[in-house]
Amino acid sequence: MEKNNGNPGKYKKADKEFLKENLTSLQYKVVMENGTEPPFQNEYWNNFREGIYVDITTGEPLFTSRDKFESGCGWPSFTKPIDAEVLLEKTDTTHGMHRTEVRSRLGDAHMGHVFTDGPKEMGGLRYCINSAAVRFVPVEEMEKEGYGHLLPL
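My numbering applies: residue 94 is where the sequence shown begins, and numbers increase by one.
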């Protein structure tokens with residue numbers, strides 16, 4: 094099997110016009126303008142079905158439900174990405190804070206932030222991700238949607 098993220102060459106970055114026409118205004122604001130959706134009022138904060146979460150802009154797999162946990166913050170939280178290479182980290186000093194932003198590798202889309210207050214027994218990281226930045230693919234649809242290679246995860 095290739096790396097956990099499969100073949101990154103099959104996922105392509107979409108141009109801003111395409112995204113503006115095909116994403117909701119909230120999705121666009123989050124991924125293209127570094128926005129944040131409200132806590133506890135987003136699609137996946139309390140979703141614990143089995144499956145994967147993919148970049149809304151490219152379809153590249155980013156997280157699995159096996160690494161999702163309830164952090165109490167109101168956004169989907171994961172202990173690690175599906176593969177270390179699918180996310181880029183950047184220093185974020187906006188809003189008077191010092192944080193580490195995470196962006197998708199191929200789409201360069203704002204996903205959220207990574208913090209060091211995650212479960213210690215699982216590495217100690219908490220990837221706090223905007224639901225508006227990802228799409229959930231349930232395990233029963235993964236094969237049909239071209240993510241069958243990730244079923245072992």
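A virtual CB, placed ideally from N, CA and C, is assigned to each residue, including glycine.
Pairing S224 with E130 gives a Cβ-Cβ distance under 8 Å. A distance of 8 Å or more separates the beta carbons of S158 and F133. One Cα belongs to N139, the other to R228, and the distance between them is close to 14 Å.
Listed as beta-bridge partners of L181 by DSSP are R196. The Cβ-Cβ distance between I149 and Y240 does not fall below 8 Å.
In this structure, the alpha-carbon of V232 lies about 37 Å from that of T186. Judged by their CB atoms, A177 and V124 are not nearer to each other than the 8 Å cut-off. E182 sits close to V195, with the two beta carbons spaced by under 8 Å. For L155, no alpha helix (DSSP H) encloses it; the enclosing beta strand (DSSP E) starts and ends at 154-157. In the structure shown, the three-state DSSP call for D148 is strand.
For M125, the uninterrupted alpha helix (DSSP H) segment begins and ends at 118-126. The C-beta distance from S197 to L218 rounds to 17 Å, too long to fall under 8 Å, and the pair is not in contact.
Excluding its 5 nearest sequence neighbours in each direction, G200 has C-beta neighbours in its own chain below 6 Å: K106, D148, T150, T151, listed in chain order. For F229, the enclosing beta strand (DSSP E) begins and ends at 227-231. In the structure shown, the three-state DSSP call for H203 is strand.
For the options E153, G128, T172, the alpha carbon positioned closest to that of Y104 is the one of E153.
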